[in-house]
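No gaps in the numbering here: position 223 of the sequence shown is 272 in the working numbering, and each next residue is one more. Structure first, then comments.
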Amino acid sequence: MGRAKKAVLAYSGGVDTSVCIPYLKQEWGVEEVITFAADLGQGDELEPIRQKALDSGASQSIVGDLIEPFITEFAFPAIRANALYEGRYPLSTALARPLIARRLVEVAREVGADAVAHGCTGKGNDQVRFDVAIGSLAPDLKVLAPAREWGMSREETIAYGERCGIPAPVSKKSPYSIDLNLLGRSIEAGSLEDPDVEPPEEIYALTRSVEAAPDTPQIVEIGFARGNPVSLDGVALDPVSLVRRANQLAGLHGFGRLDMVENRVVGIKSREIYETPGLLLLIRAHQELESLTLAADVQRTKRQLEMQWADLVYQGLWYGPLKEALDGFLDCTQKSVNGTVRVKLHKGNATVIGRRSSSDSLYVPDMATYGAEDRFDHKAAEGFIYVWGLPTRLWAASRRGC
Ligand code: ARG
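Next comes the structure, spelled out in structure tokens:
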């Protein structure tokens, strides 16, 4: 791989990505580094970040608002897929990577770069997601990952930065590694590396503790159209506002924290803390509406494919063929996922208390009722059970030797 001339670097404003700028130029001979910082609703002020990249030696510093596509093209498909990695993690970090990669490639085209770069280390999932996405979107672009190769400790990285005029972090740096966007926060490292140690309350920012949550429950009604959340408490909201509001409501009531040991793509187990209040609330409600509106066999098949969808997103295969094929199935199922779900938020719980669909409910009251309106043909059950149980009876009889 020859030297890159012009690289577009995914930039967060932190020490590591800042040090990537002089490092790429001095150690790897890259002539020009252009930074791209994505706004994914993390709430950071972006102007200081834009300026910091220039101060660190970037020739151009670009900031891009990706919030809307993040929610509509990445979060909403994940809600429709009820995507939970290993049954729990709603992929808040993983979903952002293919979008950032896509935008990095676009910026690289716009500025005529021959490489893209990121600051991921060599043992995380994010490097896998970036490299695979970029490699499939733009096989001609080089992917540079200096932090995977430089072998510097945190102190050495800071010292390298200081020599290049990048100020050391002012406050005593928190021991945690945090990733943040509108879908949630992930917190790793520090004392959390011992999976047997309870996470300290100070690590949380989007959710209240169960103790501090209000004593009074709150009921929220979530409306869905074709599997997408479209309203809260009867008020139609655009996708971004809806997710923000769902985060506030669920977070206030202490719902949405996860403490798990997960299996990374690179083969290790890691202890992860997440707070993803809105996303988990919306997935919970969406699952419930599907139980009312999907046929039994479609629902069962979908449950299995959802797991595969979550796995492939986690594993960085967003732009792969299985994703496209599964989306065909998932999208088809969502045509009938229209209706509303009522959820009671209280002290860390989100309990579904009602669901309805005027257009697509498969719940037939006079079939389900035990009351006088019952239309179900009870006598027909006998013949059904005779045939249904036949193989079992024949097998049992043969074991008895008759
Ligand atoms: N383990 C999570 C994932 O792979 C989150 C990693 C986020 N990175 C971080 N520095 N906290 O999606």
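Even for Gly, the Cβ is constructed at its ideal location relative to N, Cα and C.
When the distance is taken between beta carbons, is residue j closer than 8 Å to residue i?
i    : j    : result
G214 : A196 : no
Q353 : L229 : no
E461 : N131 : For the chain, the structure presents residues 50 to 451; residue 461 sits outside this window and is missing.
Y83  : A107 : Here the sequence assigns Ile to residue 83, which means Tyr is not the residue at that position. Yes, the Cβ-Cβ distance between I83 and A107 is below 8 Å.
V392 : R306 : no
R404 : L341 : yes
V79  : A59  : no
A344 : L255 : no
F179 : R203 : no
G200 : V192 : no
L379 : Q357 : no
D88  : D114 : yes
Q348 : E339 : yes
I268 : L281 : no
I317 : P248 : no
Q109 : V160 : yes
S157 : A182 : Note that residue 157 is Ala in the sequence shown, not Ser. Cβ distance not < 8 Å, so A157 and A182 don't count as in contact.
N231 : F85  : In the sequence as displayed, the identity of residue 231 is Leu instead of Asn. No, Cβ-Cβ distance for L231 and F85 is not below 8 Å.
Y363 : L140 : yes
G365 : V177 : yes
K351 : T389 : no
P266 : L331 : no
Any idea if residue i is buried or exposed, counting beta-carbon neighbours within 10 angstroms, 16 or more meaning buried?
i    : result
K172 : exposed
S447 : exposed
C69  : buried
D175 : buried
E211 : exposed
Q284 : Looking at the sequence itself, residue 284 is Val, so the reference to Gln does not match. The residue is exposed, with fewer than 16 neighbouring Cβ atoms inside 10 Å.
A143 : buried
Y435 : exposed
D264 : exposed
L371 : exposed
T400 : exposed
H427 : exposed
A430 : exposed
A102 : buried
G420 : exposed
A150 : buried
R449 : exposed
R257 : buried
With DSSP as the reference, identify every bridge partner of residue i, one or two as the case may be.
i    : result
D114 : D88
E324 : R234, R306
Y134 : Y138
V181 : DSSP output for V181 lists no bridge partner at all.
I227 : I236
S280 : G272, A285
Q453 : Outside the shown range of the chain (50 to 451) lies residue 453, about which nothing can therefore be said.
E81  : K55
E311 : S319
A446 : DSSP output for A446 lists no bridge partner at all.
Q109 : I83
L375 : DSSP, once it has assigned bridges, lists no residue as partnering L375.
A166 : L58, L193
Can you tell me the Cβ-Cβ gap for residue i and residue j, rounded? I've got them flagged as a contact below 8 Å.
i    : j    : result
V259 : G397 : 4 Å
V292 : A124 : 7 Å
L241 : Y225 : 7 Å
D163 : K55  : 6 Å
Y134 : A359 : 5 Å
T121 : G233 : Not a contact, Cβ separation roughly 17 Å.
L190 : V154 : 7 Å
G62  : I98  : 4 Å
V386 : F273 : 6 Å
G327 : N296 : 4 Å
T64  : P244 : Contrary to the premise, residue 64 reads as Val rather than Thr in this sequence. Contact flag wrong, Cβ pair sits at about 27 Å.
H302 : L394 : 4 Å
V165 : V57  : 5 Å
Y138 : M309 : 7 Å
When you measure from the CB of residue i to every non-hydrogen atom of the ligand ARG, does any distance come out below 7 Å?
i    : result
E321 : yes
S235 : yes
T142 : yes
D228 : yes
E311 : yes
N398 : no
D180 : no
D175 : yes
Consider the Cβ of residue i: report whether some Cβ of chain C lies at a distance smaller than 8 Å.
i    : result
T400 : The structure shown contains no chain C; it holds only a single protein chain.
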